[in-house]
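Quick notes on the structure that follows.
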Amino acid sequence: MNAEREFLSNNLNLTGLIEKTEKEKLVEAQTGENFSGDSFFTDGNIYIFFLK
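In the numbering used here, each residue's number is its place in the sequence shown (first place is 1) plus 1.
Okay, here's the thing in structure tokens:
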């Protein structure tokens, strides 16, 4: 999940349409399983994007 979040953030910032990005803690770091039964880990952070 973290890699996908970073990929999305990097690509959105490359568009030039993002004025500011803030990284915030949404939940504590955790492991779990998705609906398919695949394991995941998240550090619990999210990005908030401010558009131009």
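C-beta: ideal position from N, C-alpha, C; glycine also.
Please report the straight-line C-alpha distance between residue i and residue j, rounded to a whole angstrom.
i	j	result
F50	I19	7 Å
T16	F41	29 Å
E5	N12	11 Å
N14	I47	15 Å
N35	E23	26 Å
G33	E7	19 Å
L9	V28	19 Å
Grab me the residues of residue i's own chain with a C-beta within less than 7 Å of its C-beta, minus the 5 sequence neighbours each way, in chain order.
i	result
T43	M2, N3, A30, Q31
Measure how close the beta-carbons of residue i and residue j come, nearest whole angstrom, since I'm counting them as under 8 Å.
i	j	result
K21	G45	Contact flag wrong, Cβ pair sits at about 21 Å.
Which same chain residues, not among the five before or five after residue i, have their C-beta less than 6 Å away from its C-beta?
i	result
K53	L18, E20
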